[in-house]
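These notes concern the structure reproduced below.
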Amino acid sequence: MLLSLSANAQGGAVAAFNLQQAETLKFGMLALGVWALVNILISSIKLTKSSRNKRYFFQMNIYWNIVNLIIAGASLYYTLSIDPTVRTLAESVDFHYWCLKLLYLSIGLDLAFLLLAAYLKELSKSSPKTEQYLGWGQSIMLQGFFLLVLDVTLAVLLEGRAEQLLRLLPS
1 MLLSLSANAQ GGAVAAFNLQ QAETLKFGML ALGVWALVNI LISSIKLTKS
51 SRNKRYFFQM NIYWNIVNLI IAGASLYYTL SIDPTVRTLA ESVDFHYWCL
101 KLLYLSIGLD LAFLLLAAYL KELSKSSPKT EQYLGWGQSI MLQGFFLLVL
151 DVTLAVLLEG RAEQLLRLLP S
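So this is what it looks like as structure tokens:
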């Protein structure tokens, strides 16, 4: 009977952990989705009234945020369609560390985007496509910085809960 109560308590703790993690991931994907929609809306309006490098800036914002919207939508669909409370402890550990690996990969990509933006800005100084490279670089810098802040925030939130999950593992 004590083993049954212990397993039940552990199952409840795993379910609670999974629900917290799902809420964190939902928050992140909602933030990404709202960011994408706002960028698409504002950039679409501004694009019709802009010229020179701002035209390329708003074009890249639209293209970039279409991708962000697809990522946010697919992630939200997955997060909302799966019941996180049914995961076992082993599945929870695997999923948690898979999410962290994905976030660390994404942080690496965000840093690469920032380097690409700096490269485009530098390239714009000596290229016949000055306006295009400058606009694209400014857009990629903005988008990369936002994604870096979002991904680091999510990674910190998930890492902060890792100890809670590890305490549930048998010794």
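Numbered according to full-length UniProt numbering, the sequence shown spans residues 1 to 171. The beta carbon of each residue, even a glycine, is placed where N, CA and C say it ideally should be. What you are looking at is a predicted structure, and each value in this text was computed from that prediction instead of being measured.
DSSP three-state label for Ile40, please.
Taking the first residue of the sequence shown as 1, we reach residue 40 at position 40. Here Ile40 sits in helix by DSSP.
Under three-state DSSP, which class holds Arg161?
For this step, residue 161 is matched to residue 161 along the sequence shown. Helix, per DSSP.
Since Leu69 and Gly33 should fall inside the 8 angstroms C-beta cutoff, what is the C-beta to C-beta distance between them, to a whole number of angstroms?
Here the question's residue 69 lines up with position 69 in the sequence shown. Here the question's residue 33 lines up with position 33 in the sequence shown. Going by Cβ atoms, the distance from Leu69 to Gly33 rounds to 6 angstroms, so yes, they are a contact pair.
In angstroms, rounded to a whole number, what distance separates the CA positions of Leu89 and Met141?
Within the sequence shown, the letter at position 89 stands for residue 89. Within the sequence shown, the letter at position 141 stands for residue 141. Straight-line Cα distance between these residues: approximately 40 angstroms.
Which residues in the same chain as Leu114 place their Cβ atom closer than 6 angstroms to its Cβ, once the five residues preceding and following it in sequence are excluded?
Looking up residue 114 in the sequence shown gives position 114. Gly144, listed in sequence order.
Within a Cβ cutoff of 7 angstroms, which residues of the same chain sit near Ser50, ignoring the five residues on either side of it in sequence?
Counting from 1 along the sequence shown, the entry for residue 50 is found at position 50. Only Phe58 meet the Cβ criterion.
Can you name, in chain order, every residue of its own chain whose Cβ lies under 6 angstroms from the Cβ of Gly73, other than the five neighbours on each side?
One-based indexing of the sequence shown puts residue 73 at position 73. Closer than 6 angstroms at Cβ, skipping near neighbours: no residue.
So, do the stretch 105-112 and the stretch 145-153 have three or more beta carbon pairs nearer to each other than 8 angstroms?
yes
Where the alpha helix (DSSP H) through Thr79 begins and ends:
On the sequence shown, position 79 is the one that residue 79 refers to. Start and end: 52-81.
Leu111: first and last residue of the uninterrupted alpha helix (DSSP H) it sits in:
Locating residue 111 in the sequence shown gives position 111, where the first residue counts as 1. Run containing Leu111: 89-124, per the alpha helix (DSSP H) assignment.
Three-state secondary structure (DSSP) of Pro84
The residue given as residue 84 occupies position 84 in the sequence shown. Correct three-state label for Pro84: helix.
Tell me the rounded alpha-carbon separation between Ala13 and Leu19.
By 1-based counting over the sequence shown, the position of residue 13 is 13. By 1-based counting over the sequence shown, the position of residue 19 is 19. So the two alpha carbons sit approximately 10 angstroms from each other.
Find the nearest neighbour of Lys26 within the set Thr79, Leu166, Leu168, Glu131, judged by alpha-carbon distance.
Your numbering for residue 26 matches position 26 in the sequence shown. Looking at the Cα atoms, Thr79 is the closest of the given residues.
Using C-beta distances below 7 angstroms, list every residue in its chain close to Ala117, excluding the 5 sequence neighbours before and after it, in chain order.
Your numbering for residue 117 matches position 117 in the sequence shown. Within the same chain, Ala117 has close Cβ partners Gly137, Ile140, Met141, Gly144.
Tell me the DSSP secondary structure of Ser127 in three-state form.
Indexing the sequence shown from 1 puts residue 127 at position 127. Note: Ser127 maps to coil in three-state DSSP.
For Tyr104, which residues in the same chain have their Cβ closer than 8 angstroms to its Cβ, ignoring the five residues on either side in sequence?
As a first step, residue 104 is located in the sequence shown; it is residue number 104 there, counting from the start. Cβ within range, chain order: Ala155.
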